[in-house]
Amino acid sequence: MLILISPAKTLDLTPQAPYAGTKPQFLTQANRLAKLAKTLPPAKLAKLMSISPQLAEKTHGYFASWKAKYDAAGAKEAVFAFRGDVYLGLEAWTLGEADLAFAQDHLRILSGLYGVLRPLDLIQPYRLEMSIKLAGDYGKDLYAHWGDTIAKTLTKEAKRHDDSTIVNLASQEYFAVADRTALKPRVITPSFHEKHNGKFTVISFFAKKARGMMARHLIETHAESPAAIKTFRAGGYRFNADLSTDDEPAFTRDKPPAVGVA
């Protein structure tokens with residue numbers, strides 16, 4: 037199986053214990069996009085990305101310092117560099133060697149800048165969400181830039197495994213870059229629901245962390261088939277057959293845990 041997650045806007049650039057960092061597959065494309073973003077002044081970045089002037093200055097600084105030549109200096113493994121809700125659920129920094137090796141083979145991070153990343157691919161600091169309308173000679177946005185490249189890449193990677201199923205734990209914004217006409221494997225998209233006013237509903241904050249916890253569950257169990265998805269029980273979630281379909285398994289819980297409890 038192949039597991040997909042989104043990147044995060046929040047970055048942790050503090051040094052990590054040394055790992056054998058790997059080279060991203062689409063560096064040429066990343067360099068091209070970084071070069072384009074570098075030409076945009078902070079004020080334009082602020083408007084394009086709907087961010088504050090201070091954050092726009094920081095983002096501009098990332099692209100101004102971009103190194104076109106692959107260099108481990110100043111870079112960090114993607115799964116340790118991203119620090120959003122998904123990654124707080126994944127807690128990759130606590131995974132052992134065998135689990136990290138499994139993740140390197142089975143987990144992929146979709147990225148507006150890098151396209152597709154393995155967990156230990158070294159990335160430079162950046163901010164470039166997939167839905168941003170960064171226009172270029174390729175078209176009006178990053179979806180046009182990546183075209184069917186990501187879908188074909190994921191199809192090829194998924195087919196390396198005995199079960200080519202893709203477990204989609206990415207957001208809609210990011211999974212939309214995978215052209216479904218070019219994406220051949222079966223796709224399973226779990227959802228996570230909280231009980232609210234007597235009904236189960238998806239609450240973004242909790243759902244993001246749950247996606248990370250599900251990714252961790254599949255990594256720790258070295259899951260090789262979709263059957264492992266239904267055994268997920270982290271954070272108090274349980275498989276809910278009544279809300280599920282074969283390709284959209286639903287997980288519910290009556291009450292979120294207390295703050296600080298997984």
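For the sequence shown, the positions run 37 to 298 when this note's numbering is used.
Where a beta carbon is used, it is the ideal one built from N, C-alpha and C, also for glycine.
For the beta strand (DSSP E) containing Ser227, list its first residue and its last residue.
On the sequence shown, residue 227 is found 191 positions in, with the first residue counted as 1. Residues 227-232.
Express the C-alpha separation of Tyr150 and Phe62 in angstroms, rounding to a whole number.
Within the sequence shown, the letter at position 26 stands for residue 62. Within the sequence shown, the letter at position 114 stands for residue 150. Each residue's alpha carbon lies about 6 Å from the other.
Between the C-alpha atoms of Asp157 and Arg196, what's the straight-line distance to the nearest angstrom?
Looking up residue 157 in the sequence shown gives position 121. Looking up residue 196 in the sequence shown gives position 160. Cα to Cα, Asp157 sits roughly 19 Å from Arg196.
So, Gly248 versus Tyr123, is the Cβ gap smaller than 7 Å?
Looking up residue 248 in the sequence shown gives position 212. Looking up residue 123 in the sequence shown gives position 87. Closer than 7 Å, so yes.
Considering only the alpha carbon of each residue, which of Ala66, Ala259, Ser42 lies closest to Thr201?
Counting from 1 along the sequence shown, the entry for residue 201 is found at position 165. Measuring C-alpha to C-alpha distances from Thr201 to each of Ala66, Ala259, Ser42 identifies Ala259 as the nearest.
Does the beta-carbon distance from Pro155 to Ala134 come in below 7 Å?
The sequence position of residue 155 within the sequence shown is 119, counting from 1. The sequence position of residue 134 within the sequence shown is 98, counting from 1. Not in contact: Pro155 and Ala134 (Cβ atoms no closer than 7 Å).
Go through its chain and collect everything with a Cβ distance to Leu81's Cβ below 8 Å, but skip five positions before and after it.
Locating residue 81 in the sequence shown gives position 45, counting from the first residue. Short of 8 Å from the beta carbon of Leu81, and not among the five residues preceding or following it, lie these beta carbons of its own chain, in chain order: Ala73, Ile87, Ala92, Thr95, His96.
Taking 7 Å as the threshold (C-beta atoms), are Asp290 and Lys231 in contact?
The sequence position of residue 231 within the sequence shown is 195, counting from 1. The sequence position of residue 290 within the sequence shown is 254, counting from 1. Less than 7 Å separates the beta-carbon of Lys231 from that of Asp290.
Compute the distance between the beta-carbons of Leu254 and Ala264, then report whether it is under 7 Å.
Locating residue 254 in the sequence shown gives position 218, counting from the first residue. Locating residue 264 in the sequence shown gives position 228, counting from the first residue. Yes, the Cβ-Cβ distance between Leu254 and Ala264 is below 7 Å.
Do Ile39 and Ala206 count as a contact pair if the criterion is CB distance below 7 Å?
For the purposes of this step, residue 206 is taken as residue 170 along the sequence shown, with counting starting at 1. For the purposes of this step, residue 39 is taken as residue 3 along the sequence shown, with counting starting at 1. Contact: no.
Have a look at the DSSP bridge pairing and note the partners of Ala286.
Along the sequence shown, read from residue 1 onward, the residue named residue 286 stands at position 250. DSSP, once it has assigned bridges, lists Ser227 as partnering Ala286.
Hey, Leu178 and Gly148 are a contact pair by Cβ (cut 8 Å); roughly how many whole angstroms apart?
Counting from one through the sequence shown, the residue named residue 178 turns up at place 142. Counting from one through the sequence shown, the residue named residue 148 turns up at place 112. Correct: roughly 5 Å between the Cβ atoms.
What residues in its chain sit with their C-beta under 7 Å from that of Glu127, if we drop five residues either side in the sequence?
The residue labelled residue 127 in the question sits at position 91 within the sequence shown. Contacts found: Arg252.
Using DSSP bridges, identify the partner residues of Gly172.
To locate residue 172, count along the sequence shown from 1; it is residue 136. In DSSP, Gly172 forms a bridge with Gly175.
Using CA coordinates, which residue listed in Glu284, Ser280, Pro285, Arg274 is at the minimum distance from Pro292?
What you label residue 292 is simply residue 256 of the sequence shown in a count that begins at 1. The shortest C-alpha separation from Pro292 is found at Arg274.
Does the beta-carbon of Pro54 have 16 or more other beta-carbons within 10 angstroms, so that it is buried, or is it exposed?
Sequence index remark: in the sequence shown, residue 54 carries index 18 (1-based). Taking all protein chains shown into account, Pro54 has fewer than 16 neighbouring C-beta atoms within 10 Å of its C-beta and is therefore exposed.
Taking DSSP as the reference, what is the three-state secondary structure of Arg144?
Here the question's residue 144 lines up with position 108 in the sequence shown. Strand, per DSSP.
Along the chain, which unbroken stretches of the alpha helix (DSSP H) at least 4 residues long are found entirely within the region 65-145?
List check, alpha helix (DSSP H) in window: 78-85, 89-100, 114-117, 121-126, 133-142.
Is the region 102-114 in contact with the region 212-222, if contact means three or more CB pairs nearer than 8 Å?
By the Cβ criterion, the region 102-114 is not in contact with the region 212-222, since fewer than three pairs of Cβ atoms, one from each stretch, lie closer than 8 Å.
Cβ-based neighbour list, Leu279, same chain, cut-off 6 Å, excluding 5 preceding and 5 following:
Against the sequence shown, residue 279 aligns to sequence position 243. Setting aside the 5 residues that flank it on each side, Leu279 is surrounded in the same chain by Ala286, each with a C-beta closer than 6 Å to its C-beta; the list follows chain order.
Looking at Lys245 and Gly120, is the spacing between their C-beta atoms short of 7 Å?
By one-based count along the sequence shown, residue 120 stands at place 84. By one-based count along the sequence shown, residue 245 stands at place 209. Result no, Cβ atoms of Gly120 and Lys245 do not sit closer than 7 Å.
Would Asn204 be called buried (16 or more neighbouring beta carbons within 10 Å of its own) or exposed?
Counted from its first residue, the sequence shown places residue 204 at position 168. With 16 or more other Cβ atoms within 10 Å, it is buried.
CB-CB under 6 Å to Arg222, same chain, minus the five flanking residues each way: which ones, in chain order?
For the purposes of this step, residue 222 is taken as the residue at position 186 of the sequence shown. Within the same chain, Arg222 has close Cβ partners Thr201.
Can you round the beta-carbon distance between Tyr162 and Tyr98 to whole angstroms, since I take them to be within the 8 Å contact cut?
What you label residue 162 is simply residue 126 of the sequence shown in a count that begins at 1. What you label residue 98 is simply residue 62 of the sequence shown in a count that begins at 1. Contact holds; Cβ gap of about 5 Å.
Taking the alpha-carbon of Ile186 as reference, which of Leu170, Ala171, Lys220, Gly57 has the nearest alpha-carbon?
The residue given as residue 186 occupies position 150 in the sequence shown. Closest by alpha carbon: Lys220.
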